[in-house]
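Protein chains in written order, with my numbering: chain G, 1 to 281; chain C, 1 to 259. All residues carry an ideal CB built from backbone N, CA and C; glycine is no exception. Data block below; observations after.
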């Protein structure tokens, strides 16, 4: 029976745990991805996920809690990128490149020198969605609730600072604090999802659902509602397909997201195509 | 004498080691309508930034009237027109600081509609900002600044990149706002189309070159000191009209060559 086949993976606890974390991670990345895409920061998602790798390696070597070590490292990297970018001498892209590749390189050297480099690097790069532990579920859920609360309560300031930072500052919004908060949310999201979907694919999950949603609506509020749904559904469908097709879970999740983007793009027609030309992705 | 709402006392401002503004002293009265003119890089935008408080003076002092509310209208070229935001959302943004409730309240919605009506944008609140004409787009950002109920409205190049009809529309709107009691300061490159219509012009090039009504300020001597290029000034209907001598020379040469 097809129905029984479809339900087969749910017999396994590792699959149920992996699915839960992947769906929450998809929704979380989709939500924050709205800011990433609209701020033209797609590369920051990619870069921060690499920067966090340095923190993960350092915390492993120093035997410090992974979330603590990678968290501090990620937030410091994000703030550094923000500060260097604001100087406007070398530009945001170069700032991201310098900080994140430097951080990644330090992590690589630490693992080469002190750790099991190959195994750790593969785990970080590609994730291990089927090896989810209770700590991962708790961490992803906690970050998701925290990020949701911050975005709901700070919605107006986040919107203003994203759309028009200079005028927002004049109107009394603490734009610098908003940027640090956004970097902190991004870093925390990357840290808790990194072990699940891997650094190489985090940036895709931070961009693809939000970009797909941008093709569907002209409203910022609706983007914040729809993008997490697109991210969560991509993760749910991707996880199930990965089980049945025996493919990489993280790769399949992103492939599903890209297919969704392609479908929306095709269905959207000329109007969507004119919009994508101006998208900051 | 009208009360001063902003006073610059010997203000200088720098970007790193580059001096952008030097020893500027001026008063902006509560009923003022002032145009800041000068060439690119002369310090017009810096002067506005110092006035708004987003940039600090490296020397001198800026004194603002206590509780002064400022409204700022940026250049439309700096706006991301593809950002997913409606007209009503843009106007409501100015009340973001200190607000924790994400949804627009009924009172705010009603106030937004009132401001939109005031600026001739009634019924356009739910439109995406890109779906408006050039004049309407500029009005949306003026509406956003007015929603803050400012005492002083600051506009950076409000007629930059707009056609003649939109320029007239914006100028009439600014005159209406000024008559309703809002003080206005704007920067502009547009000497004939905008600056010469204003009651007071300040010519800047690092420092203040001249300050006064158009007929007193727009003179060949002041313009040459401000722009570093010779210009002719004609008078028509009590207003100065600036003729760029270089353009005149070029057209004369082209006519002479038969082209």
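In the DSSP assignment, residue 173 of chain C falls within the unbroken alpha helix (DSSP H) covering 164 to 179. Neighbours of residue 49 of chain G in chain C, taken as residues at a C-beta separation under 9 Å, are lacking, since the least C-beta distance is about 25 Å. Take the alpha-carbon of residue 221 of chain G and the one of residue 114 of chain G: they are about 47 Å apart.
Annotated three-state conformation of residue 155 of chain C is strand, per DSSP.
Taking 8 Å as the upper bound for CB-CB distance, residue 76 of chain C and residue 138 of chain C are in contact here, some 6 Å apart. The C-beta of residue 170 of chain G comes closer than 7 Å to at least one C-beta of chain C.
According to the DSSP assignment, residue 206 of chain C belongs to no alpha helix (DSSP H), since it is labelled neither H nor E. Taking a C-beta distance under 7 Å as the contact criterion, residue 20 of chain C and residue 50 of chain C do not qualify as a contact pair. For residue 104 of chain C, no Cβ of chain G is located within less than 7 Å of the residue's own Cβ.
Here DSSP, grouped into helix, strand and coil, assigns residue 133 of chain G to coil. Under the Cβ distance rule, residue 20 of chain G does not count among the residues neighbouring chain C, no pair being separated by less than 7 Å. Ranked by how close their Cα comes to the Cα of residue 198 of chain C, the residues C:205, C:43, C:165 and C:214 have C:214 in first place. Under the criterion of beta carbons closer than 8 Å, residue 73 of chain C and residue 158 of chain C qualify as touching, at roughly 6 Å. Identification of residues in the region 211 to 230 of chain G having a C-beta nearer than 7 Å to some C-beta of chain C yields 214, 217, 218, 219, 220 and 223, given in sequence order. A Cβ of chain G is located within less than 7 Å of the beta carbon of residue 94 of chain C.
Taking 9 Å as the cut-off between beta carbons, the residues of the region 131 to 154 of chain G near chain C are 151, 152, 153 and 154, in sequence order. With a beta-carbon spacing of about 22 Å, residue 33 of chain G and residue 104 of chain G fall beyond the 8 Å limit used to define contacts. What residue 52 of chain C touches in chain G, judged by beta-carbon distance under 8 Å, is 170, going in chain order. Against residue 113 of chain G, chain C offers no close residue; the least beta-carbon distance is about 41 Å (beta-carbon pairs closer than 7 Å).
Closer than 7 Å to the CB of residue 64 of chain C there is not a single CB belonging to chain G. Following the DSSP letters along the chain, one finds residue 5 of chain C inside the beta strand (DSSP E) bounded by residues 4 to 15. Of the residues C:173, C:148, C:164 and C:163, the one whose Cα lies closest to the Cα of residue 171 of chain G is C:148. In the structure shown, residue 66 of chain G adopts helical secondary structure according to DSSP, grouped into three states. The beta-carbon of residue 83 of chain C is placed less than 7 Å from the nearest beta-carbon of chain G. Taken through DSSP and simplified to helix, strand or coil, residue 200 of chain C comes out as strand. Looking only at C:175, C:94, C:83 and C:210, the smallest Cα-Cα distance to residue 143 of chain C is reached by C:94. For residue 114 of chain C and residue 88 of chain C, the gap between their C-alpha atoms comes out near 11 Å. Among the CB atoms of chain C, none fall inside 7 Å of the CB of residue 37 of chain G.
Residues 37, 38, 209, 210, 217, 222 and 226 of the same chain have their beta carbon placed closer than 7 Å to that of residue 203 of chain C, with the five preceding and five following residues left out of the count.
Contact annotation for residue 163 of chain G against chain C: 79, 80, 83, 85, 89, 90 and 93 [CB-CB distance below 9 Å, chain order]. Sequence-distant Cβ neighbours of residue 112 of chain C in its own chain, meaning closer than 6 Å and more than five residues away, are 88, 91 and 92. For residue 265 of chain G, no chain C residue has a Cβ inside 7 Å of its Cβ, as the nearest lies near 16 Å away. Using a Cβ-Cβ distance cut-off of 8 Å, the region 148 to 156 of chain G and the region 40 to 51 of chain G are not in contact, since fewer than three pairs of beta carbons, one from each stretch, lie closer than that value. Taking C-alpha positions only, residue 237 of chain C is separated from residue 195 of chain C by approximately 15 Å.
When the alpha-carbon of residue 5 of chain C is set against those of C:17, C:23, C:11 and C:27, the nearest one is in C:27.
Collapsing the DSSP output to three states places residue 244 of chain C in a strand.
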